[in-house]
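The sequence shown: position 16 = 1165 (the working numbering), numbered continuously. Quick reminder that beta carbons are idealized off the backbone N, C-alpha and C, glycines included. This one's a predicted model, so the numbers in the text were calculated from it and none came from an experiment. Written out below as structure tokens is the structure these notes cover.
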Amino acid sequence: MSGKEHVISGAIRSAAVASIRIRFRNDVDSEMRIRYDGWLYDIVAVLPNRKKGSLDLSVKVGEKYV
């Protein structure tokens, strides 16, 4: 996981970015979110690796799911 900070309208906004690897599926797209360990992750990009039979998902941390 890595992080970035931006100044938007005078306020500091931060975003954490991560990569998640899952088994290959045809039905995953960037409109979806992942819930894992109580957190929601917004899928930014879906990168298929058919040789390894997996998908690498570039995600950013959304919000704590309660």
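*For Leu-1206, does the count of other Cβ atoms within 10 angstroms reach 16, so buried, or fall short, so exposed?*
Position 57 of the sequence shown holds residue 1206. By the 10 Å Cβ count, Leu-1206 comes out buried.
*Going by C-alpha distance, which of Asn-1175, Arg-1184, Glu-1180 is nearest Leu-1204?*
Reading the sequence shown from its first residue, position 55 is the one you call residue 1204. Nearest C-alpha to Leu-1204: Asn-1175.
_Give me, in chain order, the residues of the same chain whose beta-carbon lies closer than 6 Å to that of Ile-1183; leave out the 5 immediate sequence neighbours on both sides._
Numbered from 1 along the sequence shown, position 34 holds the residue referred to as residue 1183. Excluding residues within five positions, the ones whose Cβ falls inside 6 Å are Tyr-1190.
*asked:* If you measure between the beta carbons of Val-1177 and Lys-1209, is that distance less than 8 Å?
replied: Walking along the sequence shown from the start, residue 1177 turns up at place 28. Walking along the sequence shown from the start, residue 1209 turns up at place 60. No. Outside cutoff.
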